[in-house]
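Working notes for the structure below.
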Amino acid sequence: MSVLVYTESENGKLKKAAYEVASYAKGIADLMGTTVTAVTVNAENVKELSQYGVDKVLKVSIDKLSKFNADAYAEVITQAAKKEDSKVVIISQTANAKYMAPLLAVNLEAGYVSNAMKLPTLDDGFNVERTAFTNKAFSITSITTDVKVLGLSSNSYGLKENESSLTQEEFSPELTDENFGITVESVDKNKDKVSIADAEVVVSAGRGMKGPENWGMIEELAGVLNAATACSKPVSDMGWRPHGEHVGQTGKPVATNLYIAIGISGAIQHLAGISASKNKVVINTDPEAPFFKAADYGIVGDAFEVVPQLIEKLKEFKANNS
Amino acid sequence: MHSILGPKILYLFYNTLKIDVMKILVCISHVPDTTSKINFVDNDTKFDINGVQFVINPNDEFGLTRAMWFKEKQDATVDIVIVGGKDTEPTIRKCLAIGADSAYRVDTEPLDGFQVAKELAKVAKDGEYDLVIAGRESIDYNGGMVPGMLAKLIGANFINTCVSLDIEGETATAVREMDGGKETIKTSLPLVIGGQKGLVEESDLRIPNMRGIMMARKKPLNVIEPLSSETHTEAKSFRKPESKGEVTLIDVDNLDKLIDLLHNEAKAI
């Protein structure tokens, strides 16, 4: 009956998202009066899960799973849920987790709620608040099936420390060729750069930069802040920056701790996509730009003057505070 | 001799064609335009459609446009399907005007991702489609589950957040966008993809021309009865985010202040 949580890893290391979903699973287990079981795939540092309230970890070590495969991973979690007789299964909302979730839900005949923001309430059914309309609204959604799958939005619940005594168990699910209908031929991951999904800080720029040749200072600012770079839709449509950086309603949503928008006016679709970010800074020459209404901190000024100065000041600050 | 062999050759030729032609089904959502004001009525239980313009879900439109490429370059046939009431028909006609061959409308209100996936699965299965293209998510409810559920329900391979797709015979080569990068995937048909921008570029999207619009009127729009109204989830109510406080403006010459606020107040650096 314990709450099952899939704690993701990359290159053998648990991701930050794993600790957040573990914290969330512990919150739900407390509401339900039960324990938390985590399932890991090829992760080494599973002991750290004991800091976030996990009671038991099912360790899966299968070479064939070294590259992510949605169907096979869904099968692993399905079998873990059945073994634990779990009624609630928690996953993150990384691209991989979103890919896998609907397959997992069908396997378990479970109702699935994506983009969950908060702990569910259990007094009148099983209700959970999620974002909808690209963060322009929240929806209270009820899951009516016996087994439930919840996908937690990143940076929505946070990390909650909760010391537990963790037991570890090797777990060997049965996988067949059918689970490997897809072969990953090559992975093209920018190892030197932080991804938008993992970043604490995102530095984003728009048409105000005037051309792709001016992105050097954006990259440099991102470097100083250990931030991911992003861009507005027109910039990606014009091919100044890759599609993967496009943030907004038809691009990527950003739920980061700090979002810095440079030369972005703030179209409604863009603002929706970034609205889950906790702190927003805008730098724009036009004081009437809609972004100023959505931002926490604003500078009316020319990016070409402000950004280089900001880089210098931040370098100083980092030097004094590290 | 001619009269004996003729039909046989034709028949063989027809059969070869049947094997070669790829059948594509594109799943379409009918959603509020991205600029829509989002409001709710009936005690915040329903989306307010008053004054809202509905469009083809952008993620689906990229997929539909890619399907047109397969139609024009590889002789594929392209059907579209929508789960929704009669109010979705302008969206369906637009898809036909863009170039889809025929349309299916499952005559029921979409209630949750599972219900929609089940209806789509029936259409996909009955039509024996080789490739089903859906958008990675609809921009209204953002469930992001229909393509994957559909794939699992019909036992097809599945690629989500697909940004490039090529098909040669039974083999598909695709690029999937993931956090911080991309991966290249090989798989086989039947295949379901959750597509998005990248499948085609924004500039490749098509505005229906007059000829397309006229032809769309004559293309078949098949209305079919739903299987069931079984759901797994129910959106009970909605709320809008709290309005946020005023922006704190910082002078260009006082960037130290910004750093101080970000460090001490926001605790973000």
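For the protein sequence lines, the chains are X and B, in the order given. Mapping to the working numbering: the first sequence position 40 is 141, numbers consecutive. Mapping to the working numbering: the second sequence position 38 is 36, numbers consecutive. Glycine included, each C-beta is placed from N, C-alpha and C at the ideal position.
Handout entry: DSSP state of B:S1 mapped onto helix, strand, coil
Key = Note that B:S1 scores a pLDDT of 49, beneath 50, so its modelled location is shaky; the value from the coordinates is reported in the next line. In this structure, B:S1 counts as helix in the three-state DSSP scheme.
Problem - Contacts that B:R237 makes with chain X (C-beta to C-beta distance below 9 Å) - result: E230, A238, F239, S240, I241
Exercise for the section: Check each candidate in B:A74, B:G210, B:T33 and name the one with the smallest Cα separation from B:Y127. Expected result: B:A74
Exercise for the section: Under 8 Å by Cβ, that's how I've got X:I363 and X:A404 pegged, so tell me the actual separation to the nearest angstrom. Expected result: 5 Å
Problem - Sufficient close CB pairs (3 or more, under 8 Å) joining the stretch 264 to 276 of chain X to the stretch 379 to 396 of chain X - result: no
Handout entry: DSSP three-state assignment for B:K35, whether helix, strand or coil
Key = In the structure shown, B:K35 adopts coil according to DSSP, grouped into three states.
Exercise for the section: Could you pull the start and end residues of the alpha helix (DSSP H) that X:F392 belongs to? Expected result: 392 to 395
Practice task
Give me the Cα-Cα distance between X:I361 and X:F239, rounded to the nearest whole angstrom.
Solution key: 24 Å
Problem - Proximity of X:V348 and X:H371 at Cβ, strictly below 8 Å - result: yes
Problem - Beta-carbon neighbours of X:H344, restricted to chain B and to distances below 8 Å - result: V161, E175, K195, G196
Exercise for the section: Determine the DSSP secondary structure at X:A198, reduced to helix, strand or coil. Expected result: X:A198 falls in the helix class under three-state DSSP.
Problem - Bridge partners - B:H261, DSSP secondary structure assignment - result: Per DSSP, none; premise fails for B:H261.
Practice task
Any chance you could list the beta strand (DSSP E) runs of at least 3 consecutive residues sitting entirely within the stretch 172 to 204 of chain B, in chain order?
Solution key: 179 to 186, 189 to 193
Practice task
Starting from the C-beta of B:D138, find all residues in its chain whose C-beta is less than 7 Å away, skip the five residues before and the five after it, and write them out in chain order.
Solution key: V29, P30
Practice task
Closer than 7 Å by C-beta to B:V39: which residues in its own chain qualify, once you throw out the five before and the five after it? Chain order, please.
Solution key: D46
Problem - Near-chain X residues of the stretch 66 to 79 of chain B (beta-carbon distance less than 9 Å), N- to C-terminal order - result: none
Exercise for the section: Write down the C-beta distance between B:D58 and B:S27 rounded to the nearest angstrom, noting that I regard them as a contact closer than 8 Å. Expected result: 6 Å
Practice task
Could you tell me the distance, in whole angstroms, from the CA atom of X:K249 to the CA atom of X:G212?
Solution key: 5 Å
Exercise for the section: Classify X:A377 as buried or exposed, calling it buried when 16 or more other Cβ atoms lie within 10 Å of its own Cβ. Expected result: buried
Practice task
Determine, using beta carbons only, whether X:A123 and X:A144 come nearer to each other than 8 Å.
Solution key: no
Exercise for the section: Assign B:M208 to buried or exposed, taking buried as 16 or more other Cβ atoms, counted over all protein chains shown, within 10 Å of its Cβ. Expected result: exposed
Exercise for the section: Counting only the same chain and skipping the five closest in sequence on each side, list residues whose C-beta sits under 6 Å from that of X:S257. Expected result: M218
Exercise for the section: Go through its chain and collect everything with a Cβ distance to B:S1's Cβ below 6 Å, but skip five positions before and after it. Expected result: With a pLDDT of 49 at B:S1, under the threshold of 50, the modelled position of that residue is not reliable, and the figure given next carries that caveat. For B:S1, where only same-chain residues beyond five positions count, there are no Cβ hits under 6 Å.
Practice task
Determine the chain B residues that contact X:V214 at a beta-carbon separation under 8 Å, and present them in chain order.
Solution key: T231
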